[in-house]
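Take a look at the structure set out below.
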Amino acid sequence: MPAGTLYRGREGMWSWVAHRVTGVLIFFFLFVHVLDTALVRVSPEAYDDVVSTYKTPLVALLEYGLVAAILFHALNGLRVIAVDFWSKGPRYQKQMLWTVVGIWIVLMVGALYPVLGHAVREVFGS
Numbered sequence: 122m123p124a125g126t127l128y129r130g131r132e133g134m135w136s137w138v139a140h141r142v143t144g145v146l147i148f149f150f151l152f153v154h155v156l157d158t159a160l161v162r163v164s165p166e167a168y169d170d171v172v173s174t175y176k177t178p179l180v181a182l183l184e185y186g187l188v189a190a191i192l193f194h195a196l197n198g199l200r201v202i203a204v205d206f207w208s209k210g211p212r213y214q215k216q217m218l219w220t221v222v223g224i225w226i227v228l229m230v231g232a233l234y235p236v237l238g239h240a241v242r243e244v245f246g247s
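According to this note's numbering, the sequence shown is numbered sequentially starting from 122.
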């Protein structure tokens, strides 16, 4: 790594990148959600067609990704608040990040069945 560069490639940088990426993904979901909800005013039949596509296993997998993005963004946001407003926050930011990742993994494992259960039953049968 060249001397004087800002790039470090450590946990802090990757959490910064992941926070921005998940924020953008959540924004685009909300944008699409507003558009498809507004479609009901234009054409209820078209709205019904769009909503019927949401019941596919692929969309269930995308929903699981949405849950992952929202959970990470929220948990990492709490970590960022702690780093900014707790006097010892910067000293413990790496430990807090790994705590966030651990909690995120536990919650994502817990979300597997509620989010993907229907898709698995549809693909493999009851």
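Where is the CB? At the ideal position from N, CA and C, for every residue including glycine. A quick note: this is a predicted structure, and the numbers were derived from the prediction, not measured.
Straight-line Cα distance separating residue j from residue i
i           : j           : result
residue 211 : residue 134 : 14 Å
residue 161 : residue 130 : 46 Å
residue 159 : residue 168 : 9 Å
residue 153 : residue 223 : 30 Å
residue 207 : residue 240 : 43 Å
residue 245 : residue 209 : 50 Å
residue 200 : residue 156 : 32 Å
residue 140 : residue 238 : 28 Å
DSSP state of residue i mapped onto helix, strand, coil
i           : result
residue 177 : coil
residue 162 : helix
residue 209 : coil
residue 198 : helix
residue 133 : helix
Boundaries (first-last residue) of the alpha helix (DSSP H) holding residue i
i           : result
residue 242 : 214-245
Would the region 139-149 count as touching the region 184-197 if we require 3 or more Cβ pairs under 8 Å? yes
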